[in-house]
Amino acid sequence: MHLARLAGGYPACRQCPHRHQVEGLSSRLAKRTAQLRRAAGPADWFHEEGAGGGLHEGFNADFAGRLAAAFGVLLRDWLPPDPANPAVVVAGDGRAWTQELLAAAAERLRWAACDVIELGAATAPALAWAVAHWRADGGFYLGNPSGRAHAAGVKFFLSKARPVSAGDALSAIRRAVDHPPRRPARRFGAARGHGGAPHYLERFTAAFHGLRPLRFALQTTCRPFVAAVDRLLEDTACRVIAVDAIGGPGWPPAESQVHFAIAVDDDGERCRLWDERGQPVSLSRLLLIAAARGDALAGRTVAVGCEISAAAAARLTALGARLVRCGHLRAETYQALVKQQAALGADSAGRIWHTAGGHLAADALVTLAILLGRLSGDDRPLSQVLDAELRDH
Numbered sequence: 006m007h008l009a010r011l012a013g014g015y016p017a018c019r020q021c022p023h024r025h026q027v028e029g030l031s032s033r034l035a036k037r038t039a040q041l042r043r044a045a046g047p048a049d050w051f052h053e054e055g056a057g058g059g060l061h062e063g064f065n066a067d068f069a070g071r072l073a074a075a076f077g078v079l080l081r082d083w084l085p086p087d088p089a090n091p092a093v094v095v096a097g098d099g100r101a102w103t104q105e106l107l108a109a110a111a112e113r114l115r116w117a118a119c120d121v122i123e124l125g126a127a128t129a130p131a132l133a134w135a136v137a138h139w140r141a142d143g144g145f146y147l148g149n150p151s152g153r154a155h156a157a158g159v160k161f162f163l164s165k166a167r168p169v170s171a172g173d174a175l176s177a178i179r180r181a182v183d184h185p186p187r188r189p190a191r192r193f194g195a196a197r198g199h200g201g202a203p204h205y206l207e208r209f210t211a212a213f214h215g216l217r218p219l220r221f222a223l224q225t226t227c228r229p230f231v232a233a234v235d236r237l238l239e240d241t242a243c244r245v246i247a248v249d250a251i252g253g254p255g256w257p258p259a260e261s262q263v264h265f266a267i268a269v270d271d272d273g274e275r276c277r278l279w280d281e282r283g284q285p286v287s288l289s290r291l292l293l294i295a296a297a298r299g300d301a302l303a304g305r306t307v308a309v310g311c312e313i314s315a316a317a318a319a320r321l322t323a324l325g326a327r328l329v330r331c332g333h334l335r336a337e338t339y340q341a342l343v344k345q346q347a348a349l350g351a352d353s354a355g356r357i358w359h360t361a362g363g364h365l366a367a368d369a370l371v372t373l374a375i376l377l378g379r380l381s382g383d384d385r386p387l388s389q390v391l392d393a394e395l396r397d398h
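Numbering-wise, the sequence shown is residues 6 to 398 according to our numbering.
Below you can see the structure in the form of structure tokens.
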């Protein structure tokens with residue numbers, strides 16, 4: 006049994022104390038098992054913004070459940086004593102196998118005496134909105150921030166949709182996964198479904214009204230983001246062209262005639278932009294697009310955790326904004342935005358943070374809504390709109 010599992014790449018064999026005992030295997034299988042032992046495992050799955058790994062690496066329902074149990078138990082420890090169970094919103098990216106992982110995670114959160122609110126298929130920003138809007142104590146998102154096939158990742162949120170990044174909280178979760186915690190109470194938490202996605206999208210109704218017939222290419226592996234865009238644009242003359250890749254020689258195709266192209270990743274938190282000529286738009290210029298409503302920046306703060314061009318900084322200052330530096334992690338950007346009561350933010354990973362409507366999150370859908378509104382109010386192509394912004398200031 007030992008040799009069969011070792012040769013077959015059984016995930017648990019990577020941590021087994023007998024994993025080096027390969028006597029009896031052929032030289033080819035012995036070499037293969039050595040490679041598997043060096044492959045990523047639970048100790049390697051944690052990163053600065055959560056945890057993630059591949060299905061074939063062992064990132065499975067059992068591990069998702071261990072993550073959820075650790076988070077649920079720790080969440081109870083972090084909160085003030087309360088007879089009521091902590092409420093945790095859970096959501097996923099809608100893929101079949103991540104739904105299996107999410108079901109296991111929800112069950113383990115209930116084991117940890119947390120009440121689970123199931124949002125269904127949604128983006129990470131939609132889950133963050135639900136955590137804040139419903140005043141939940143935490144959020145557990147299971148998606149695919151890397152965009153790799155057969156990969157999954159988990160993001161954790163605390164109350165008010167504060168993201169958990171590298172630091173004490175994430176380190177505590179990692180320790181609790183390695184050393185499973187005791188069950189905090191002899192009762193299961195409740196579970197209920199909540200179709201929160203439509204409520205989240207109601208915020209965008211006005212922004213997606215009265216748009217001119219724009220065509221744009223969209224590249225993303227985030228299915229809930231595609232579903233949200235399709236729903237918001239169904240009563241408009243805009244057209245979305247789904248593509249597998251953006252940029253490189255021959256882009257954009259002459260027949261596409263797109264006004265711009267956008268790639269969305271990191272579970273709907275981050276986007277990258279290309280203009281109508283196929284030229285990439287820098288993060289500095291993307292930040293200027295997000296600041297399109299200049300009157301909203303007067304006397305407000307913009308938090309930046311990345312380098313922006315001198316021209317973009319001058320433009321933001323001309324709009325009355327005060328620029329402050331912040332750390333590169335999601336949690337650090339969030340903290341800076343709250344502390345400074347900032348109107349806008351950008352981090353080093355390329356996420357644009359918005360605070361409109363009292364909801365603070367990195368949300369590519371908000372950036373897309375602003376971009377569509379900006380181009381609908383101007384007949385010029387995107388490249389000229391951006392050039393004019395920098396030339397005039």
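Ideal Cβ positions, reconstructed from N, Cα and C, are used throughout, including at glycine. Since we're looking at a predicted model, the values are computed, not measured.
query: S164 versus A171, R153 and V136, residue with shortest Cα-Cα distance; result: V136
query: Burial state of R43 (16 or more Cβ within 10 Å); result: Below a pLDDT of 50, predicted positions are generally treated as unreliable, and R43, at 48, falls in that range; the measurement from the model is reported next regardless. R43 comes out exposed.
query: Three or more C-beta pairs below 8 Å linking the region 84–99 and the region 139–148; result: yes
query: Helix, strand or coil at R43 [DSSP, three-state]; result: Below a pLDDT of 50, predicted positions are generally treated as unreliable, and R43, at 48, falls in that range; no measurement from the model is reported.
query: For A347, the three-state DSSP class (helix, strand or coil); result: coil
query: Neighbour-count burial assignment, G382, 16 or more Cβ in a 10 Å radius; result: exposed
query: Alpha carbon of T360 to alpha carbon of G325, nearest angstrom; result: 17 Å
query: Boundaries of the beta strand (DSSP E) in which V231 is found, first to last residue; result: Counting along the chain, V231 falls outside any beta strand (DSSP E), though it belongs to the alpha helix (DSSP H) covering R228 to L238.
query: Separation of S261 from R167, as counted between CA atoms; result: 40 Å
query: Range of the contiguous alpha helix (DSSP H) that encloses Q104; result: A101 to W116
query: CB of G59 within 9 Å of CB of R228, strictly; result: no
query: Contact set for A171: own chain, Cβ-Cβ below 7 Å, skip 5 residues either direction; result: E53 and L334
query: Inside the region 174–231 only - alpha helix (DSSP H) runs reaching at least 4 residues; result: 202–206
query: Beta-carbon proximity check, A347 vs A323, cutoff 9 Å; result: no
query: Residue(s) in a DSSP beta bridge with R327; result: T306
query: Cut-off 7 Å between Cβ atoms - residues of its own chain near A212, not counting five sequence neighbours on either side; result: A374 and G378
query: Short Cβ contact (9 Å threshold) for R277 with V263; result: no
query: Top-ranked residue by Cα proximity to D138, from R208, A303, V269 and A195; result: Per the sequence shown, the amino acid found at residue 138 is His instead of Asp. Ranking the options by Cα distance to H138, first place goes to R208.
query: N-terminal and C-terminal residue of the alpha helix (DSSP H) that D67 is part of; result: A66 to W83
query: Spatially closest choice to R113 from P189, W134, G283 and W50, by CA coordinates; result: P189
query: Extent of the continuous alpha helix (DSSP H) run through R244; result: First-last for R244: R244 to A247, but that is the beta strand (DSSP E), not the alpha helix (DSSP H).
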